[in-house]
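Read the structure below first, then the notes.
There are 2 protein chains.
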Amino acid sequence: MSELPLDETTRVRRLPERQRTERAELDAVLDAAMVAHVGVVRDGQPVVIPFASARDGDGLLLHGSTGAGLLRAAAAGEPVCATVTLLDGLVVARSVFDHSMNYRSAVVLGVPEVLEGEAKERALQVITDHLLPGRTSEVRASTRKELAATLVVRLPLDRASVKVRAAPATTAPDDGEDRGTWAGVVPLQTWAGDPQPHHDVPDGVEVPESVRAAVAATRTPRR
Amino acid sequence: MSELPLDETTRVRRLPERQRTERAELDAVLDAAMVAHVGVVRDGQPVVIPFASARDGDGLLLHGSTGAGLLRAAAAGEPVCATVTLLDGLVVARSVFDHSMNYRSAVVLGVPEVLEGEAKERALQVITDHLLPGRTSEVRASTRKELAATLVVRLPLDRASVKVRAAPATTAPDDGEDRGTWAGVVPLQTWAGDPQPHHDVPDGVEVPESVRAAVAATRTPRR
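Taken in order, these protein sequences are the chains called A and B.
Under our numbering, the residue at position 181 of the first sequence is numbered 181, and the numbers go up by one with no gaps.
Under our numbering, the residue at position 16 of the second sequence is numbered 1016, and the numbers go up by one with no gaps.
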């Protein structure tokens, strides 16, 4: 297993025992996420915007309109931070203080590179297939006009940190704690409902494999 | 209905038709969220970290350890951006380009104030009860030591923007589109599983009202 390189910016200082340092754990968190919250600095003010995201090898892909200010700044060489969080549970304790959340989060720092040409077209397919496995083989490809209207960037994964809480509630029996007070975990997950066809889809057209796979993925217990 | 004041930093430039400008819509998005992604600037580098969040009147409450660097920076007067995103659906289109997501997001910019004393203790109760309605009446209060170890800040809501996509797939029948290709929406929601009691909870202790309310909230269709 390869290890993530740690430096002053990626070493977790608060609750360091929650840091995971294996590269495979970073990949697992990014691969389970649909959205990254991406921060840039504008005139000294941080701005954080959600983007659909997908990992591709050693990079995190983000895309949007060529008119998207945050993405344009990132494409112009501004440093960004892309953070992904999977909320896995509410941790219910016996004091206000010990309430917490179970989660997996990844923070990726860096300067993204702009993708062009074939790399750009392929990246858009990777993002689409990440959310809907195999969808790109079910639909028409992007036109030149569509590609020209889209900005795609790739953030390298060489400065990243992963933090995970996956534990029961903290209970402290010495602390005047009442064992008769319920404590535990409420598991949380992102759940897909039944696909809703567009009104112009003719009767008899079945829900495609990509959509069924995306729905099924949310209904499978995680471990 | 009161309107959110808009300025150059809170006016949505990309897809402005998705901007919602009523204050009640900001409140609704913040009240439906469990986590905010909070950005600060550190040595020119944006850093984005997830925090449990809860709205209280005209402020968004965030809390963490007094050892949490991001929160300390915020408490020291650094500008922050707190962004909340509710992912409502995968929008499945007939071209790679038209795939999208349905979502509600809120971006709050500002400098938080640090809460102390009664305001701090009350804020921690508000955050706890936001996630688990009524939980603070089921557990012991925070001790002075616990309060001293916790930093609580309140970000005013006077510089905020809300963006929503809640629409069917974009279909373009003139564009060589094949109506036989399925298009539609896959609804997404955060779903709570059955509460898992801590191993030291004695038999016969029932799941409390706060936990049942939190679970039920995730199982109620949104509209």
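We put the beta carbon where it would ideally sit given N, CA and C, even for glycine.
{"Item": "Range covered by the beta strand (DSSP E) that runs through residue 37 of chain A", "Value": "35-42"}
{"Item": "Bounding residues of the alpha helix (DSSP H) (the contiguous stretch that carries residue 1072 of chain B)", "Value": "1069-1075"}
{"Item": "Interface flag, residue 19 of chain A vs chain B, CB-CB below 7 angstroms", "Value": "no"}
{"Item": "Contact set between the region 64-76 of chain A and chain B, restricted to residues whose Cβ is under 8 angstroms from the partner", "Value": "64, 65, 67, 68, 69"}
{"Item": "Closest residue to residue 23 of chain A among A/209, A/107, A/98 (Cα-Cα distance)", "Value": "A/107"}
{"Item": "Beta-carbon proximity list for residue 1129 of chain B, same chain, < 7 angstroms, skipping 5 on both sides", "Value": "1135, 1136"}
{"Item": "Whole-angstrom distance between residue 1171 of chain B and residue 13 of chain A, CA atom to CA atom", "Value": "48 angstroms"}
{"Item": "Cβ contact (3+ pairs, closer than 8 angstroms) linking the region 1057-1064 of chain B and the region 1195-1209 of chain B", "Value": "no"}
{"Item": "CB contact flag (residue 168 of chain A, residue 1193 of chain B, <7 angstroms)", "Value": "no"}
{"Item": "Exposure label - residue 1007 of chain B; buried when at least 16 CB within 10 Å", "Value": "exposed"}
{"Item": "Three-way DSSP call (helix, strand, coil) for residue 1200 of chain B in this model", "Value": "coil"}
{"Item": "At least 3 beta-carbon pairs within less than 8 angstroms: the region 145-156 of chain A vs the region 120-128 of chain A", "Value": "yes"}
{"Item": "Straight-line Cα distance separating residue 1178 of chain B from residue 1080 of chain B", "Value": "46 angstroms"}
{"Item": "C-beta neighbour in chain B for residue 94 of chain A, strict 7 angstroms", "Value": "yes"}
{"Item": "Beta carbon of residue 1093 of chain B nearer than 7 angstroms to that of residue 1183 of chain B", "Value": "yes"}
{"Item": "Members of the region 1103-1135 of chain B that neighbour chain A once the beta carbon cut-off is set at 9 angstroms", "Value": "1103, 1105, 1107, 1109, 1121, 1124, 1125, 1127, 1128, 1131, 1132, 1135"}
{"Item": "Nearest-angstrom Cα separation, counted from residue 1100 of chain B out to residue 132 of chain A", "Value": "11 angstroms"}
{"Item": "Chain A residues whose Cβ lies nearer than 7 angstroms to that of residue 1224 of chain B", "Value": "Shown here, chain B extends from 1001 to 1223; a query on residue 1224 of chain B therefore has no answer."}
{"Item": "CB-CB length for residue 1084 of chain B against residue 1029 of chain B, believed under 8 angstroms", "Value": "6 angstroms"}
{"Item": "Proximity below 7 angstroms, CB of residue 1050 of chain B to CB of residue 105 of chain A", "Value": "yes"}
{"Item": "Any C-beta of chain B under 7 angstroms from that of residue 88 of chain A", "Value": "no"}
{"Item": "Same chain only: Cβ atoms within 6 angstroms of residue 145 of chain A, ignoring 5 sequence neighbours per side", "Value": "none"}
{"Item": "Three-state class that DSSP yields for residue 21 of chain A in the structure shown", "Value": "coil"}
{"Item": "Cβ neighbour criterion (16 or more within 10 Å) applied to residue 1086 of chain B", "Value": "buried"}
{"Item": "Beta-carbon proximity of residue 10 of chain A to residue 159 of chain A, cut-off 7 angstroms", "Value": "yes"}
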